[in-house]
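*Asks:*
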Amino acid sequence: MKQLFPRLTISTYQQELARLIQLHAPIDGTHNSAINELCFRRASKETEPTHTVNMPSLYVIAQGSKIATLAGENIRYDSATYMVTSVHLPVIGKITHASPQIPYLSLQLTLSPDVLLDIVNKANPQRNRDTGRGILVNRSTPPLLDAILRLVQLLDTPKDIPMLAPLIVREIFYRVLQGEQGTLLRQFALVGSYAHSISQAIHLINRNYSEPLVISELAKKVNMSSTSLHKHFKKVTAMSPLQYQKIIRLQTARRLLLMENLDAATAGFRVGYESPSQFNREYSRLFGRPPISDVSHLRVSLYDHP
1 MKQLFPRLTI
11 STYQQELARL
21 IQLHAPIDGT
31 HNSAINELCF
41 RRASKETEPT
51 HTVNMPSLYV
61 IAQGSKIATL
71 AGENIRYDSA
81 TYMVTSVHLP
91 VIGKITHASP
101 QIPYLSLQLT
111 LSPDVLLDIV
121 NKANPQRNRD
131 TGRGILVNRS
141 TPPLLDAILR
151 LVQLLDTPKD
161 IPMLAPLIVR
171 EIFYRVLQGE
181 QGTLLRQFAL
191 VGSYAHSISQ
201 AIHLINRNYS
211 EPLVISELAK
221 KVNMSSTSLH
231 KHFKKVTAMS
241 PLQYQKIIRL
251 QTARRLLLME
261 NLDAATAGFR
271 VGYESPSQFN
281 REYSRLFGRP
291 PISDVSHLRV
301 SLYDHP
């Protein structure tokens, strides 16, 4: 059957998506939208490496390119690809192509585990126990870009958002699950899979990051052996559970230092460090500067690059 509305070329989708993002993100920074799960990012210059925790989300670049570094592994993506993070992952992000004339433009669509599980169950899932990285990059396709464009266009008709946005969001993640690595992504939604258990373990670490981490107790909570937990946790995150917790603690401490003006010892104690010297040492190793010097540098950077 011939399509009534032929699909556009990928480059045409990208151009229109870039035009709309510029409308909703007129200045550099992150911009929320009337669709709760959707936000936009604009940058007029390449950025320094930025430490952050990626939420389970779809990331699409309409213009420019970026590198996400996970435990030393570089993941490159640009306007020809999209990235999916299926669990909370501490990454270092760096925008690598941007200028005032051709700014970096991207969007983030938060992934709802319940929506993903419902789609997986209705799509007759293949139940295997493979585990892969919790961050994937695939080539964009016209059906996916078409759905994303229609979601962004809804912002022009706010009255339609409550009814139509949830349907289009489901379509977008259905298209993602049809992608090259959709089988791996499905595992994070399937109860009983290793990936789902690791997702639960990551949630528990993030919720209780300031408490001592006992691997045997964590493994028991997610119905895994300690050996299996360690093995599959590293497959998903490229690091051990203890390494993961340490980065979450240090990133949280950095936010406390920046936002609440705490001294280093207090920030370290708040995130679970009993030894100020150990906190200072591990903080410096991750961020390249001692806590107070690092926060001073961050404030200057934020002032210079709004």
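Those letters in the sequence shown? Residues 1 to 306, by the UniProt record's numbering.
Note that the Cβ used here is the ideal one computed from N, Cα and C, for glycine as well.
Could you tell me if Lys220 is buried or exposed, where buried requires 16 or more neighbouring beta carbons within 10 angstroms of its beta carbon?
*Replies:* exposed
*Asks:* When the Cα atoms are used, what is the spatial distance from Lys66 to Asn208?
*Replies:* If you take the alpha carbons of Lys66 and Asn208, they lie about 31 Å apart.
*Asks:* Measure the C-alpha to C-alpha separation of Ala34 and Tyr273 and round it to an integer number of angstroms.
*Replies:* 40 Å
*Asks:* In chain order, what are the residue ranges of uninterrupted beta strand (DSSP E) at least 3 long that sit wholly in the stretch 66-135?
*Replies:* 73-78, 81-85, 89-97, 104-110
*Asks:* Determine which residues share a DSSP beta bridge with Gln245 and list them.
*Replies:* Residue pairing by DSSP places Gln245 in no beta bridge whatsoever.
*Asks:* Is the stretch 132-151 touching the stretch 8-17, taking contact as three or more C-beta pairs under 8 Å?
*Replies:* yes
*Asks:* Quick one, are the C-beta atoms of Leu229 and Ala201 less than 8 Å apart?
*Replies:* Yes, the Cβ-Cβ distance between Leu229 and Ala201 is below 8 Å.
*Asks:* Is the separation between the beta-carbon of Ser225 and that of Lys234 shorter than 8 Å?
*Replies:* no
*Asks:* Shortest alpha-carbon distance to Pro56 belongs to which of Gly134, Ile21, His97, Leu117?
*Replies:* For the residues Gly134, Ile21, His97, Leu117, the minimum Cα distance to Pro56 belongs to Gly134.
*Asks:* Which two residues bound the contiguous alpha helix (DSSP H) that contains Gln153?
*Replies:* 142-153
*Asks:* My understanding is that Gln70 touches Leu136, with C-beta atoms under 8 Å, so please give their C-beta distance in whole angstroms.
*Replies:* Per the sequence shown, residue 70 should be read as Leu rather than Gln. That belief does not hold up - the Cβ atoms of Leu70 and Leu136 are roughly 11 Å apart, past 8 Å.
*Asks:* Throw me the rounded Cβ distance for the Ile148 and Val60 pair, which I believe falls under 8 Å.
*Replies:* 6 Å
*Asks:* Does the stretch 82-89 come within contact of the stretch 34-50, defined as at least 3 CB pairs closer than 8 Å?
*Replies:* no
*Asks:* Output needed for Pro158: all residues of its chain with C-beta closer than 7 Å, excluding positions within five of it in sequence on either side, in chain order.
*Replies:* Ala34
*Asks:* Among the residues of its own chain, which have a CB less than 6 Å from the CB of Gly132, if the five just before and after it don't count?
*Replies:* Closer than 6 Å at the Cβ level, and outside the excluded window around Gly132, lie Leu184.
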